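Asker: These protein sequence lines map, in sequence, to chains A and B. Take the first sequence: its position 185, counted from the start at 1, is 185 in the UniProt record's numbering, and no numbers get skipped. Take the second sequence: its position 47, counted from the start at 1, is 47 in the UniProt record's numbering, and no numbers get skipped. In this text, a Cβ means the ideal position worked out from N, Cα and C, and glycines have one as well. Please read these numbers as outputs of a predicted model, since none were measured by experiment. My questions will all concern the structure given below.
Number of protein chains: 2
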Amino acid sequence: MWHIYQFPLCPFSRKVRLLMAEKGIAYELQSARPWEGEDRFFAMNPAGCTPVIKDPDRNIVLSDSRAICEYFEETVDRNPQISGTAQQRAEIRRLVAMFDENFFRDVSGPLLHERMKKRLVLRQSPDAKALREAMKLAHDYLDYVDWLIDNRPWLAGSTMSLADLTAAAQISVADYLGGIDWTTHEQARAWYLVMKSRPSFQPLLSERMEVIQPPSHYAEVDA
Amino acid sequence: MWHIYQFPLCPFSRKVRLLMAEKGIAYELQSARPWEGEDRFFAMNPAGCTPVIKDPDRNIVLSDSRAICEYFEETVDRNPQISGTAQQRAEIRRLVAMFDENFFRDVSGPLLHERMKKRLVLRQSPDAKALREAMKLAHDYLDYVDWLIDNRPWLAGSTMSLADLTAAAQISVADYLGGIDWTTHEQARAWYLVMKSRPSFQPLLSERMEVIQPPSHYAEVDA
Ligand SMILES: N[C@@H](CCC(=O)N[C@@H](CS)C(=O)NCC(=O)O)C(=O)O
Ligand SMILES: N[C@@H](CCC(=O)N[C@@H](CS)C(=O)NCC(=O)O)C(=O)O
Chain A
1 MWHIYQFPLC
11 PFSRKVRLLM
21 AEKGIAYELQ
31 SARPWEGEDR
41 FFAMNPAGCT
51 PVIKDPDRNI
61 VLSDSRAICE
71 YFEETVDRNP
81 QISGTAQQRA
91 EIRRLVAMFD
101 ENFFRDVSGP
111 LLHERMKKRL
121 VLRQSPDAKA
131 LREAMKLAHD
141 YLDYVDWLID
151 NRPWLAGSTM
161 SLADLTAAAQ
171 ISVADYLGGI
181 DWTTHEQARA
191 WYLVMKSRPS
201 FQPLLSERME
211 VIQPPSHYAE
221 VDA
Chain B
1 MWHIYQFPLC
11 PFSRKVRLLM
21 AEKGIAYELQ
31 SARPWEGEDR
41 FFAMNPAGCT
51 PVIKDPDRNI
61 VLSDSRAICE
71 YFEETVDRNP
81 QISGTAQQRA
91 EIRRLVAMFD
101 ENFFRDVSGP
111 LLHERMKKRL
121 VLRQSPDAKA
131 LREAMKLAHD
141 YLDYVDWLID
151 NRPWLAGSTM
161 SLADLTAAAQ
171 ISVADYLGGI
181 DWTTHEQARA
191 WYLVMKSRPS
201 FQPLLSERME
211 VIQPPSHYAE
221 VDA
């Protein structure tokens, strides 16, 4: 069975967990705190990031969440999440990159820094200005999701894909950390409620990260 | 024919150009300066980044360099750059991510900011401390390349792959900007000289970015 080295609020690990659950691939969670700089963790991934996945029986270790997702797409046929024509697949991967890079840089990354790292590692209080800025930028991304969902059934086209899993993973972390104001984002909200209702999402919604509690709407699927 | 919207020192555009040249796909360069925030450019790529590629005849627009590279791998069989078993392909993609994300964050990105953006956009002089830090971190990545080349013919295994193209693209930008000290990196240097000698690399080495000149060794392939 695959082991996933991760921590509950790592959005890249959440994406991998959603993909594995959608494809019916079993896994076991292993706790990793990349910021602690443990040698054993860096030996598995010199980039020093979660997630890392490992199959101890076959001694396979993989890292980088996009490389991992492509690996499962190539090795497990069930429920493909990067499918369609080459152009449709490029559209899926474009949106994956936008959420993993831009949304993480502007929204989920700063929220994790201010609300999680400052609390657990730096023992500082969050910077109100940085939090406001991340929440403001979150609106621009949700506007873009509204627009996509106005034009397509799912983010990248006519079927659910890795783009939806990636966006939902990143947004769920921002939502946990109180960074998302859903009012005025009807389409994005409706899409996200559908994502939250999927069985693959339930384990994520019930997890809690130590001292940080999510807002009450976070785990509600009928709100 | 494909159009690539880029600027000469964008490492992600360089990767796409190398891949297209290796696969024998013709392209035409179009100049783009993402930091100028032009509406026409954002309409093509809401993430606001270079490269963007466009086929005007078929009205196809693609962005995100990894999505673009996967697209060409899927549509053009010649000279595959993401090949082998699923595990080998995951290793290629892991290294692509390491250079595009970590090396860019630590080395080529800060060098571009200090030496190009500050000159062209902000009209400031570079910060000596930031330059020193980027050059120091470059050594760690070159140590890793030394180690890889000690263990394998090419970065990701027994054949040249997108990992080599990506690493060479990122390193070439850092080298242009004077950020690479090649002494003490014998293996990395030998590998990079082989990359520089490839026909696909020649157009990159002969280009210059306005007011910024590279060090004399930059374009030498027999040094
Ligand atoms: N390219 C990586 C990025 C993963 C990433 O940035 N993970 C964060 C945690 S959310 C991390 O481990 N950062 C290093 C740290 O916090 O020290 C992926 O897609 O897996
Ligand atoms: N995920 C993108 C990242 C590309 C990227 O970061 N490009 C830089 C230029 S090297 C950019 O356009 N930055 C925006 C700016 O400078 O305003 C890709 O792989 O294509």
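Keeping to the same chain, check which residues put their C-beta closer than 7 Å to that of A/Q6; ignore five residues upstream and five downstream.
Answerer: Cβ neighbours of A/Q6 beyond the five flanking positions: S13, L29, A32, T50 and P51.
Asker: Chain A beta carbons: is any one of them nearer than 8 Å to that of B/Q87?
Answerer: By this cut-off, B/Q87 is an interface position.
Asker: Within 10 angstroms of the Cβ of B/M98, are there 16 or more other Cβ atoms? Answer buried if so, exposed if not.
Answerer: Buried, by the Cβ-count rule.
Asker: Can the beta-carbon of A/T166 be found closer than 8 Å to that of A/V221?
Answerer: Contact: no.
Asker: Would the beta-carbon of B/F12 be found less than 7 Å away from any heavy atom of ligand 2?
Answerer: True, at least one ligand heavy atom lies under 7 Å from that Cβ.
Asker: Can you grab the Cα-Cα spacing for the pair A/T75 / A/A26, in whole Å?
Answerer: If you take the alpha carbons of A/T75 and A/A26, they lie about 14 Å apart.
Asker: Can we count A/P46 as close to ligand 1, meaning its CB is less than 7 Å from some heavy atom?
Answerer: No, Cβ of A/P46 sits at least 7 Å from all heavy atoms of ligand 1.
Asker: For the candidate residues A/G179, A/D77, A/Q88 and A/P153, whose alpha-carbon lies nearest to that of A/F104?
Answerer: It is A/G179.
Asker: How about B/I171: is its C-beta nearer than 8 Å to some C-beta of chain A?
Answerer: It does not: the Cβ of B/I171 has no partner Cβ on chain A nearer than 8 Å.
Asker: Between A/K117, A/D181 and A/F201, which lies nearest to A/E36 when the distance is taken from Cα to Cα?
Answerer: Ranking the options by Cα distance to A/E36, first place goes to A/K117.
Asker: In the DSSP assignment, what are the bridge partners of A/S206?
Answerer: Bridge partners of A/S206: none, in fact.
Asker: State yes or no: is the C-beta of B/T75 nearer than 7 Å to some heavy atom of ligand 1?
Answerer: False, no ligand heavy atom lies under 7 Å from that Cβ.
Asker: So if I threshold CB-CB distances at 9 Å, which residues from the region 141-161 of chain A count as touching chain B?
Answerer: Flagged, chain order: Y144.
Asker: Please name the residue, chosen from A/A90, A/D175 and A/R198, that lies closest to A/G109 on a Cα-to-Cα basis.
Answerer: Cα-wise, what sits closest to A/G109 is A/D175.
Asker: Under a Cβ-count criterion, where at least 16 other Cβ atoms within 10 Å of its own Cβ denotes burial, should A/W147 be classed as buried or exposed?
Answerer: Burial call: exposed.
Asker: Quick check: is the beta carbon of A/A188 nearer than 8 Å to any beta carbon in chain B?
Answerer: Cβ-Cβ to chain B under 8 Å: no for A/A188.
Asker: Using only CA atoms, which one of A/E114, A/F201 and A/H185 lies nearest to A/I212?
Answerer: If we check each option's Cα against that of A/I212, A/E114 comes out closest.
Asker: Compare the C-alpha of A/P126 against each of A/Y141, A/L177 and A/A156 and name the closest.
Answerer: It is A/L177.
Asker: With hydrogens ignored, establish whether the beta-carbon of A/R66 is closer than 7 Å to any heavy atom of ligand 1.
Answerer: Yes, since a heavy atom of ligand 1 falls inside the 7 Å radius drawn around the Cβ of A/R66.
Asker: Is A/Q30 helix, strand or coil when you go by DSSP?
Answerer: Strand.
Asker: When every heavy atom of ligand 2 is checked, does at least one fall within less than 7 Å of the C-beta of A/E186?
Answerer: No, ligand 2 has no heavy atom inside 7 Å of this Cβ.
Asker: Would you decide whether B/H217 is buried or exposed? Buried here means 16 or more other CB atoms lie within 10 Å of its CB.
Answerer: Classification for B/H217: exposed.
Asker: Just checking A/P110 against ligand 1 - is the residue's beta carbon closer than 7 Å to any of the ligand's heavy atoms?
Answerer: No, the beta carbon of A/P110 sits no closer than 7 Å to any heavy atom of ligand 1.
Asker: Residues of chain B with CB closer than 7 Å to the CB of A/D64, please, in chain order.
Answerer: Those within 7 Å of A/D64 in chain B are R93, R94 and A97.
Asker: Would B/A219 and B/S200 qualify as a contact pair, given that the criterion is a beta-carbon distance under 8 Å?
Answerer: Cβ distance not < 8 Å, so B/A219 and B/S200 don't count as in contact.
Asker: Report back the beta-carbon spacing between B/A90 and B/I149 to the nearest angstrom; my notes put them in contact at under 8 Å.
Answerer: In fact, because the Cβ distance is near 20 Å, the residues do not count as touching under 8 Å.
Asker: Going by DSSP, what residues sit across from A/L62 in a beta bridge?
Answerer: DSSP lists A/I53 as partners of A/L62.
Asker: Between A/T50 and ligand 1, is there a pair consisting of the residue's CB and a ligand heavy atom that are separated by less than 7 Å?
Answerer: Answer for A/T50: yes, Cβ within range of ligand 1.
Asker: For a contact defined as C-beta to C-beta under 8 Å, what are the partners of B/P46 on chain A?
Answerer: Within chain A, the residues near B/P46 are M98 and Y144.
Asker: Of the residues A/L9, A/T183 and A/I92, which one's Cα is nearest the Cα of A/E210?
Answerer: Among A/L9, A/T183 and A/I92, the Cα nearest to that of A/E210 belongs to A/L9.
Asker: Helix, strand or coil for A/H113, going by three-state DSSP, please let me know.
Answerer: Helix, per DSSP.
Asker: Please specify which runs of the alpha helix (DSSP H), each continuous and at least 4 residues long, are wholly inside the region 120-175 of chain A, giving them in chain order.
Answerer: Correct list: 128-151.
Asker: When burial is assigned at 16 or more other CB atoms within 10 Å of the CB, is residue 224 of chain A buried or exposed?
Answerer: In the structure as shown, chain A starts at 1 and stops at 223, and residue 224 of chain A therefore has no counterpart that could be examined.
Asker: Using 8 Å as the threshold, is the C-beta distance between A/G24 and A/R78 below it?
Answerer: Result yes, Cβ atoms of A/G24 and A/R78 sit closer than 8 Å.
Asker: Do A/W35 and ligand 1 come close, with the Cβ less than 7 Å from some heavy atom?
Answerer: Yes, the Cβ of A/W35 comes within 7 Å of a heavy atom of ligand 1.
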